[in-house]
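Its first residue numbered 78, the sequence shown is counted upward by one per residue in the numbering used here. Okay, so here's the structure we're looking at.
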Amino acid sequence: MNRAVGQVEMQPKRTHSGAAAVARAKPSDVLSVLAGLILLLALIAAGTGVFYQGGGSGAFDFTTLRDETVTIYGHGIYRYDGADLVAQAVAQDVVTLLVGIPMLAIALVLYRRSSLRGKLLLAGTLAYFLYTYSSLTFGSAFNALFLVYVAIFSLSLYALILAMLAADLPSLPAHFGDRLPRKTIAVYLLLSAAFLIVAWLERIAPALMTGSAPAGLSSSTTLFIQALDLGIIVPLMVLSAVLLLRRRPAGYLLTSVAILKFVTMGLAIVAMIIGQWLAGISMDAAEVVIFPLITGVALYLAIVILRAIHA
């Protein structure tokens, strides 16, 4: 019996230092390599989109499968895409170069220092790259960078999974405490989700009822952005809001990832709006006003979230 007691006493006691040790665990070299590859490939892809304007014979008209005439851009890496889509793609490439890549580099440095802010910032930024290059992989016309898009899409997916696993999930609520305005953030997420549902259904529903091409289809064969938003982004918003209100650890993680992703993606959308305006392309007035507003609020909430974290 004394031997059994001795064995019990020799077992290490569980204390809060165990959770702290997990939080300070050595960063994953695999995740660092994946993020480094994304940085390199994104620099190539976005740089080519912005600066390479060679090739092709110039803009030309094209009759789509739905018997609509659209203008094809005709030069650069996006030479086979509609001119209106290219105005958005190039604008997003600019944001990737000026915001996305620097943010990913900064997040990677902080992550390597075992910073919780760095882990969350890395996950949120990787979500931006995943969304951006999944849309280019499936939505842009086939071009010389197709395999680069696929590589960034794949690397971002698995890097995001590893980044989310790097956060010590059970301890996340304690790191935020009561300083996080959970209700405010949840309301923002739910309202943003509602806006996306209404905005995209306004395009989809009439087309379904009349059998006509939806607005914004251009040279594409389907609404790939709306599919990503309604299938992934809207559920993410709703799930994050619900779990955050219930103080579930996953709610803190998903909310942080969602808000930080919305900042970079929102800046890209604002750049797209400017790009379309410069190209003389008409836009929905409500979207021109509301998307920048959503982006501004997301930026404010991202700052609030990062400042609310304490070790």
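Every residue gets a Cβ at the ideal spot worked out from N, C-alpha and C, and that includes glycine. Quick caveat, the model's predicted, so the values are computed rather than measured.
Requested in this report: Answer yes or no: do isoleucine 367 and alanine 276 have a C-beta to C-beta separation smaller than 9 angstroms?
Outcome: Sequence index remark: in the sequence shown, residue 367 carries index 290 (1-based). Sequence index remark: in the sequence shown, residue 276 carries index 199 (1-based). Yes, the Cβ-Cβ distance between isoleucine 367 and alanine 276 is below 9 angstroms.
Report task. Classify phenylalanine 230 as buried or exposed, calling it buried when 16 or more other Cβ atoms lie within 10 Å of its own Cβ. Result -> Start at 1 with the first residue of the sequence shown, and residue 230 comes out as number 153. Buried, because 16 or more other Cβ atoms sit within 10 Å of the Cβ of phenylalanine 230.
Query raised in the report: Near leucine 305, which residues of its chain fall below 8 angstroms by C-beta distance, leaving aside the five closest residues on each side in sequence?
Result: Here the question's residue 305 lines up with position 228 in the sequence shown. Tyr208, Ser211 and Ser212.
Report task. Could you check the C-alpha separation between arginine 323 and glycine 153 for me, to the nearest Å? Result -> Sequence index remark: in the sequence shown, residue 323 carries index 246 (1-based). Sequence index remark: in the sequence shown, residue 153 carries index 76 (1-based). About 49 angstroms.
Query raised in the report: What separation, rounded to the nearest whole angstrom, lies between the Cα atoms of valine 163 and aspartate 255?
Result: The residue labelled residue 163 in the question sits at position 86 within the sequence shown. The residue labelled residue 255 in the question sits at position 178 within the sequence shown. So the two alpha carbons sit approximately 45 angstroms from each other.
Query raised in the report: Taking the runs of the alpha helix (DSSP H) that are 4 residues or longer, which of them lie wholly in the segment 300-365?
Result: 301-305, 311-322 and 326-355
Report task. Note down, in chain order, each residue of its chain lying with its Cβ closer than 8 angstroms to the Cβ of serine 297, except the 5 sequence neighbours on either side. Result -> Counting from one through the sequence shown, the residue named residue 297 turns up at place 220. Contacts found: Gly159, Leu162 and Gly216.
Query raised in the report: Which whole-angstrom value describes the C-beta separation of leucine 300 and proline 291, a residue pair presumed to lie in contact below a C-beta threshold of 8 angstroms?
Result: Within the sequence shown, residue 300 is the residue found at index 223, counting from 1. Within the sequence shown, residue 291 is the residue found at index 214, counting from 1. So it is a contact: roughly 6 angstroms between Cβ atoms.
Query raised in the report: Quick one: is glycine 177 near chain B, going by C-beta distance under 9 angstroms?
Result: The structure shown contains no chain B; it holds only a single protein chain.
**Report entry** Three-way DSSP call (helix, strand, coil) for glycine 201 in this model
**Finding:** As a first step, residue 201 is located in the sequence shown; it is residue number 124 there, counting from the start. In the structure shown, glycine 201 sits in a helix (DSSP, three-state: H, G or I).
Query - Where phenylalanine 139 falls: helix, strand or coil (DSSP) - result: Start at 1 with the first residue of the sequence shown, and residue 139 comes out as number 62. In the structure shown, phenylalanine 139 sits in a strand (DSSP, three-state: E or B).
Query raised in the report: Who pairs with isoleucine 149 in a beta bridge, going by DSSP?
Result: As a working note, residue 149 is residue 72 in the sequence shown. Note: isoleucine 149 sits in a beta bridge opposite Phe137 and Gly159.
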